[in-house]
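Trainee: Let me give you the structure first, and then I'll get to my questions.
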Amino acid sequence: MARSIKKGPYVNEKLLKKLSNLKAGDRTVVKTWDRAAMITPEMLGFTIGVHNGKTHVPVLIVEDMVGHRLGEFSPTRKFITHGGKIAKEQAQVEALKAKEAVQKATEGPVKK
C-alpha cells in the first residue's frame, strides 16, 4: 500500500546527513539497515550498503532508482536452483546405462 501524500515519502534523516558530508565523486560505501527509506535525487551517484539480513549489499544509486525503496535493490533470499543442466545430464546417463543393462539381460545366451 502506498504512503499517504499528506505524510510524504519516508527518508532517513541520518542517512541524508551522512551523504551530505561526503563529496559527489567519493566511492565510500555508506552502510544502512534502513531498507524502507525512499531514494531521493540527493542520493544520486553515491554507493549505499543496504543490509539484506546477513551482509551489506553495495547499491550504486542511479537516476532510474529515484522513487523506489532501498530494500528493492538488496535481495534477502538466495535462489538455489533445483537440478539444472548437470543433474539433467547425469539423469540421462543413468537412464541410458539402465536401458543397456536391461537389453543385455534380455539377450542372454542363445540355446541351440
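Using our numbering, the first residue of the sequence shown is number -6, and each one after it goes up by one. Using N, Cα and C, we set each Cβ at its ideal position, and we do this for glycine too. This one's a predicted model, so the numbers in the text were calculated from it and none came from an experiment.
Apart from the five residues just before and just after TRP26, which ones in its own chain have a Cβ nearer than 6 Å to its Cβ?
Mentor: Taking the sequence shown and counting its residues from 1, one reaches residue 26 at position 33. Here the set comprises HIS44.
Trainee: When burial is assigned at 16 or more other CB atoms within 10 Å of the CB, is SER67 buried or exposed?
Mentor: Within the sequence shown, the letter at position 74 stands for residue 67. Looking at its Cβ environment, which holds 16 or more other Cβ atoms inside 10 Å, SER67 is buried.
Trainee: Just to confirm, is the Cβ distance from THR69 to GLY46 under 8 Å?
Mentor: On the sequence shown, residue 69 is found 76 positions in, with the first residue counted as 1. On the sequence shown, residue 46 is found 53 positions in, with the first residue counted as 1. Pairing THR69 with GLY46 gives a Cβ-Cβ distance under 8 Å.
Trainee: On a Cα-Cα basis, can you pick out the residue from ASN5, LEU37, GLY38, GLY18 that is closest to ALA29?
Mentor: On the sequence shown, position 36 is the one that residue 29 refers to. Ranking ASN5, LEU37, GLY38, GLY18 by Cα distance to ALA29 puts ASN5 first.
Trainee: Hey, could you find the ends of the beta strand (DSSP E) LEU53 is sitting in?
Mentor: For this step, residue 53 is matched to residue 60 along the sequence shown. That run of the beta strand (DSSP E) goes 49 to 53.
Trainee: So what does DSSP say about VAL86, is it helix, strand or coil?
Mentor: Taking the sequence shown and counting its residues from 1, the one referred to as residue 86 is at position 93. Here VAL86 sits in helix by DSSP.
Trainee: Suppose the cutoff is 6 Å on Cβ atoms and the five residues either side in sequence are ignored; what does the same chain contact list for PHE39 look like?
Mentor: For the purposes of this step, residue 39 is taken as residue 46 along the sequence shown, with counting starting at 1. Answer for PHE39: LEU12, ILE54, listed in chain order.
Trainee: Could you check what DSSP says for ILE(-2) in three-state terms: helix, strand or coil?
Mentor: The residue given as residue -2 occupies position 5 in the sequence shown. Residue state, collapsed to three classes: coil.
Trainee: Using 10 angstroms around the beta-carbon of LEU63, count the other beta-carbons present and answer buried if the total reaches 16, otherwise exposed.
Mentor: What you label residue 63 is simply residue 70 of the sequence shown in a count that begins at 1. Under this definition LEU63 is a buried residue.
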